[in-house]
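Visitor: Numbering (our numbering), first residue to last: 0 to 257. Quick reminder that beta carbons are idealized off the backbone N, C-alpha and C, glycines included. The structure presented is a predicted model; accordingly, all values stated were derived computationally and were not measured. Below you will find the structure I want to go over with you.
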């Protein structure tokens, strides 16, 4: 078989495969097969990262579109189907990873948009999404987690839709963790060269907020770290580290303003 014959044979095979796929999807539609059932029938029950790389995901996407057109009163979504299977957190983290890969970037970007818009349409606040993603449960690890990428993406969408309620990642993390815990975690990150720059940036923002509240180093220990006023020496090492850094910040500010 020469090149031209192979090309024609390949084209016919691809066309036949496409026809068979459409016929299968139409049969499922006739059966009123749910998107979840189609997911299983396509044997997509595998690790989320593998699902996002599978060409079968496009088949499922096509079926979801067909289902919604046929049954407009029973709308489903591809993102919703994946979330029902894997959960919001697993899907969110996998989509961030998938956007870093050229093979899955487009579908992952589309799905992430649908996930974020789903939260927005459900009237979720930034604080709600912080809680939904269980960021606080991860402690120090949360601050280098892909969950923060998702939260930041949601904040940008939220701000576009709610110009009167602007927020940012710094405020979301400070509010979600609480100032004391937030300061401690970012204090730890200053020791890591790969995270020190962002950690110092956030601590500086925090110090400026404390300065506006007229906190001195002693007040800081009492109000932020809940250290008893009659036993300031009981402050843990991390609280003392933050206090020391705050003292240095106040000295710099004093020099600048004199």
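For the structure I just gave you, are there three or more beta carbon pairs, one from the region 194-201 and one from the region 149-159, closer than 8 Å?
Guide: no
Visitor: Leaving out five residues before and five after residue 171 in sequence, what residues of the same chain have Cβ atoms less than 8 Å from its Cβ?
Guide: 125, 126, 129, 150, 154
Visitor: Using beta-carbon positions only, say whether residue 226 and residue 214 come within less than 9 Å of one another.
Guide: The criterion of a C-beta distance shorter than 9 Å is not satisfied by residue 226 and residue 214.
Visitor: Tell me whether residue 70 is buried or exposed, calling it buried when 16 or more other Cβ atoms sit within 10 Å of its Cβ.
Guide: exposed
Visitor: Taking the C-alpha atoms as reference points, what is the distance between residue 61 and residue 173?
Guide: 42 Å
Visitor: Under three-state DSSP, which class holds residue 99?
Guide: coil
Visitor: Between which residues of its own chain and residue 116 is the CB-CB distance below 8 Å, once the five residues before and five after are set aside?
Guide: 156
Visitor: When we look at the beta-carbon of residue 111 and count the other beta-carbons within 10 Å, is it buried (16 or more) or exposed?
Guide: buried
Visitor: DSSP on residue 60, reduced to helix/strand/coil?
Guide: Residue 60: helix per DSSP, three-state reduction.
Visitor: To the nearest angstrom, report how far apart residue 176 and residue 22 are at their CA atoms.
Guide: Answer to the nearest angstrom: the Cα atoms are 52 Å apart.
Visitor: Closer than 8 Å is the cut-off here; do at least three beta carbon pairs connect the region 85-96 with the region 28-40?
Guide: no
Visitor: Any idea what DSSP makes of residue 134, helix, strand or coil?
Guide: Three-state result, residue 134: coil.
Visitor: Within the region 31-77, note down every full alpha helix (DSSP H) run reaching 4 residues or more, in order along the chain.
Guide: 34-40, 47-52, 55-69
Visitor: Going by other Cβ atoms of all chains shown within 10 Å of its Cβ, with 16 needed for buried, is residue 183 buried or exposed?
Guide: buried
Visitor: Once DSSP output is grouped into helix, strand and coil, what is the label at residue 207?
Guide: Here residue 207 sits in helix by DSSP.
Visitor: For residue 121, report the span of its alpha helix (DSSP H) as first-last.
Guide: In this chain, residue 121 is not harboured by any alpha helix (DSSP H), its DSSP state being neither H nor E.
Visitor: Residue 228: which of 216, 55, 236 sits nearest, CA to CA?
Guide: 216
Visitor: From this set, 67, 75, 57, which residue's C-alpha is nearest residue 105's C-alpha?
Guide: The candidate whose alpha carbon is nearest that of residue 105 is 57.
Visitor: Buried or exposed: which applies to residue 9, given that a residue is buried once 16 or more other Cβ atoms fall within 10 Å of its Cβ?
Guide: With a pLDDT of 48 at residue 9, under the threshold of 50, the modelled position of this residue cannot be trusted; read the value that follows with caution. So residue 9 counts as exposed.
Visitor: Please determine, among 90, 123, 42, 64, the residue with the shortest C-alpha to C-alpha distance to residue 28.
Guide: 64
Visitor: Between which two residues does the alpha helix (DSSP H) harbouring residue 248 extend?
Guide: 236-255
Visitor: Have a look at 33, 90, 132, 142 and flag the residue whose alpha-carbon is nearest the alpha-carbon of residue 194.
Guide: 142
Visitor: Hey, residue 114 and residue 90: beta-carbon distance below 9 Å or not?
Guide: yes
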